[in-house]
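First the structure, in the form of structure tokens, and then the observations on it.
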Amino acid sequence: MKARTLLLALTLACVPMAQASVAPLNLNEQAMVRYIEQHHDSQVALLEQLVNINSGTGNRRGVEQVGEILRPQFERLGFQTRWVDLPAPMTHAGSLVATLGSGKRRILLIAHLDTVFAPESPFQTFQRSADQRTATGPGVLDNKGGLVTLLYALKALDEAGRLGEASITVVLVGDEEQAAQPSSISRQALRDAAQQSEIALGLEFASTAQGLVTGRRGISAWQLSSHGQARHSSLLFGPQAGFGAIYETARVLEAMRIAFSQHPGLTVNPGILAGGRTANLDTRQNTASAEGLKNIIAGETHVHGDLRFLSQAQQREAEQTLRDIAAASLPGTSSTLQFNDIMPAMSETHGNRQLLAQFSEISEVLGGGPLQAVPTVERGGADISYVANLVDAGLDGLGPWGTGAHSDQETLELAALPVVTQRLAIFISRLQER
Ligand SMILES: [Zn+2]
8 MKARTLLLAL TLACVPMAQA SVAPLNLNEQ AMVRYIEQHH DSQVALLEQL
58 VNINSGTGNR RGVEQVGEIL RPQFERLGFQ TRWVDLPAPM THAGSLVATL
108 GSGKRRILLI AHLDTVFAPE SPFQTFQRSA DQRTATGPGV LDNKGGLVTL
158 LYALKALDEA GRLGEASITV VLVGDEEQAA QPSSISRQAL RDAAQQSEIA
208 LGLEFASTAQ GLVTGRRGIS AWQLSSHGQA RHSSLLFGPQ AGFGAIYETA
258 RVLEAMRIAF SQHPGLTVNP GILAGGRTAN LDTRQNTASA EGLKNIIAGE
308 THVHGDLRFL SQAQQREAEQ TLRDIAAASL PGTSSTLQFN DIMPAMSETH
358 GNRQLLAQFS EISEVLGGGP LQAVPTVERG GADISYVANL VDAGLDGLGP
408 WGTGAHSDQE TLELAALPVV TQRLAIFISR LQER
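Put into structure tokens, the structure is as follows:
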């Protein structure tokens, strides 16, 4: 800790020309940096406590228990807290919402209480590595590492007397990993908070020490159904029987491949397919079945897939192209396409890049080097995607970095925690001065 403070002091004392524009840490910021270093052990202890409570998305009680541990901590900082429950049939836990202040430049902080690990998973406990550099555990990165980052940044702000002037809404979502459908209901609390906010910051984990997320691709699902005439194969290609459903589906898929395989940022993936005299697709169970004969023209095929896109405009354009492809059916066949929105894109905007620049400046003054945007195509959707278009600017990946999220190797770099906590605390403090 002392070595770090000294290093900082030296960095500030001999600011090289290249860093001349970087504002050094003021006294409040130095106090926050110190507070976070001094409370590293208690931050990790809280993380351990949270990781050791199972909060798989389906385990509502566990998710709420994690929220209830955090709730009094927010209240102690002056936040008003409440659960926004989901309707009972949706079964998942709702969101814990904590609000502070009434100022205009409201910041929305987003993290989640659930993990992908069900109570039956063998992966249930927090464990430090022998060299004390890393810790593994379910949700240690995704997203319990983000929860303690958020909380300790607020504690540091409070300690430095910088919380009183802030307007902050914290939304801790109960089912980020598997949003209850429809998301118009399960993400209502998040959207309501975003509508009152200027900036949204996501505490999802970072993949590297230098990478933050300025954009995320959106996702929709599509289902292609083709029909043909299930007649004897000797009639195939002829005027009465046409080409059959399987050739028709093959035509559509090949045209999709040609249209989109060179399309930057866009993917159209056929994930499961069934075809024959008759065919069935169950998109809830993710199963498909078919029956037919080698000498019967295929009467029916179904394909289920997803579409990933950089912006809503790109999504609409792609869907129109796909509909046009489906409509140009082979003789004796027809195809229909249905789309279901899953998650909107968090488009990369000028405002998002400006937030990245501000975080990068803070990282540099903390001695951590500049930060960069992770390529949008590398990050899937997250809760910030639902609200990115409701705020002036957003940034995600502000949690600690590590490896193996969603696997039983999920590992946090313990040294990342103070770094990301300091970045966030200083950012919130500086935002109030602008
Ligand atoms: Zn997550």
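With this note's numbering applied, the sequence shown covers 8 to 441.
Using N, Cα and C, we set each Cβ at its ideal position, and we do this for glycine too.
Give the C-beta separation of residue i and residue j to the nearest angstrom, bearing in mind that I take them to be a contact with Cβ-Cβ under 8 Å.
{"i": "I175", "j": "L77", "result": "Between L77 and I175 the Cβ distance is about 14 Å, and since that is not below 8 Å, they are no contact."}
{"i": "Q230", "j": "H311", "result": "5 Å"}
{"i": "L405", "j": "L219", "result": "7 Å"}
{"i": "E307", "j": "A248", "result": "In fact, because the Cβ distance is near 14 Å, the residues do not count as touching under 8 Å."}
{"i": "Q416", "j": "T221", "result": "Actually they do not touch by this definition, with Cβ atoms about 27 Å apart."}
{"i": "G401", "j": "M353", "result": "6 Å"}
{"i": "D390", "j": "V58", "result": "That pair is no contact at about 20 Å."}
{"i": "N347", "j": "S227", "result": "6 Å"}
{"i": "L148", "j": "A422", "result": "The Cβ separation is near 14 Å, so there is no contact."}
{"i": "F124", "j": "A105", "result": "Going by Cβ atoms, the distance from F124 to A105 rounds to 25 Å, so no, they are not a contact pair."}
{"i": "A35", "j": "S370", "result": "The sequence as given places Asn at residue 35; Ala does not occur at that position. Not really, about 18 Å apart at Cβ, beyond 8 Å."}
{"i": "L362", "j": "I206", "result": "7 Å"}
{"i": "L317", "j": "R224", "result": "6 Å"}
{"i": "A160", "j": "V394", "result": "Actually they are not in contact, since the Cβ atoms of A160 and V394 sit about 20 Å apart, beyond 8 Å."}
{"i": "T156", "j": "L424", "result": "7 Å"}
In whole angstroms, what separates the C-alpha of residue i from that of residue j?
{"i": "N396", "j": "L344", "result": "27 Å"}
{"i": "D121", "j": "L32", "result": "35 Å"}
{"i": "T12", "j": "E324", "result": "Interpretation of T12 is limited by its pLDDT of 42, a score under 50 that renders its predicted location unreliable; no figure is taken from the coordinates."}
{"i": "L158", "j": "R264", "result": "46 Å"}
{"i": "Q203", "j": "N293", "result": "39 Å"}
{"i": "S240", "j": "S336", "result": "19 Å"}
{"i": "G388", "j": "E211", "result": "11 Å"}
{"i": "V22", "j": "F434", "result": "Confidence is the limiting factor: at V22 the pLDDT is only 41, short of 50, which leaves the residue's position unreliable and the question unanswerable from this model."}
{"i": "T410", "j": "T141", "result": "10 Å"}
{"i": "R238", "j": "G146", "result": "55 Å"}
{"i": "R258", "j": "I332", "result": "9 Å"}
{"i": "Q26", "j": "D138", "result": "Because the pLDDT at Q26 is just 45, under 50, the model does not fix this residue reliably, and the point stays unresolved."}
{"i": "T340", "j": "A297", "result": "18 Å"}
{"i": "G153", "j": "V177", "result": "12 Å"}
{"i": "H234", "j": "T328", "result": "20 Å"}
{"i": "Y254", "j": "T274", "result": "23 Å"}
{"i": "L208", "j": "A305", "result": "51 Å"}
{"i": "H46", "j": "Q56", "result": "15 Å"}
{"i": "N302", "j": "Q236", "result": "13 Å"}
{"i": "A216", "j": "G110", "result": "32 Å"}
{"i": "L260", "j": "P271", "result": "19 Å"}
{"i": "A334", "j": "R315", "result": "22 Å"}
{"i": "E326", "j": "A30", "result": "47 Å"}
{"i": "V372", "j": "A163", "result": "18 Å"}
{"i": "S342", "j": "G74", "result": "48 Å"}
Tell me whether residue i sits in a helix, a strand or coil according to DSSP, three-state version.
{"i": "N347", "result": "strand"}
{"i": "E368", "result": "helix"}
{"i": "T156", "result": "helix"}
{"i": "Q321", "result": "helix"}
{"i": "A262", "result": "helix"}
{"i": "F316", "result": "strand"}
{"i": "G339", "result": "coil"}
{"i": "Q416", "result": "coil"}
{"i": "A448", "result": "Here the chain covers residues 8 to 441 and nothing more, so residue 448 does not appear."}
{"i": "T221", "result": "coil"}
{"i": "A163", "result": "helix"}
{"i": "A334", "result": "helix"}
{"i": "D4", "result": "This structure cannot settle anything about residue 4, because the visible part of the chain is limited to 8 through 441."}
{"i": "D138", "result": "coil"}
{"i": "N66", "result": "coil"}
{"i": "P277", "result": "strand"}
{"i": "E355", "result": "coil"}
{"i": "D390", "result": "helix"}
{"i": "H239", "result": "strand"}
{"i": "L438", "result": "helix"}
{"i": "V398", "result": "coil"}
{"i": "E172", "result": "coil"}
{"i": "D289", "result": "strand"}
{"i": "I117", "result": "strand"}
{"i": "T410", "result": "strand"}
{"i": "R11", "result": "Since pLDDT at R11 reaches only 43, below the 50 mark, its modelled position is unreliable, and no value is offered."}
{"i": "G283", "result": "strand"}
{"i": "L103", "result": "strand"}
{"i": "D48", "result": "helix"}
Report yes if the C-beta of residue i is less than 7 Å from at least one heavy atom of ligand 2; otherwise report no.
{"i": "A389", "result": "Inclusion of ligand 2 in the displayed structure is not the case, the ligand content consisting of ligand 1 alone."}
key: Segment contact flag, the stretch 194–213 with the stretch 89–104, C-beta cutoff 8 Å, min 3 pairs   = The stretch 194–213, when compared against the stretch 89–104, does touch it at the 8 Å Cβ threshold.
query = Does the stretch 65–84 touch the stretch 351–367, meaning 3 or more C-beta pairs lie closer than 8 Å?
reply = Under the three-pair Cβ rule at 8 Å, the stretch 351–367 does not count as touching the stretch 65–84.
request  = Would you check if there are 3 or more beta carbon pairs closer than 8 Å linking the stretch 104–119 to the stretch 43–55?
outcome  = For the pair of segments examined, the stretch 104–119 was found not to touch the stretch 43–55: the number of CB pairs separated by less than 8 Å stays below three.
message = Does the structure place the stretch 413–430 close enough to the stretch 35–47 that three or more beta carbon pairs sit under 8 Å?
response = They touch, by the three-pair rule.
query = Is there contact between the stretch 175–191 and the stretch 369–381, where contact requires at least three CB pairs shorter than 8 Å?
reply = No, because fewer than three Cβ pairs between the stretch 175–191 and the stretch 369–381 fall closer than 8 Å, the two stretches do not touch.
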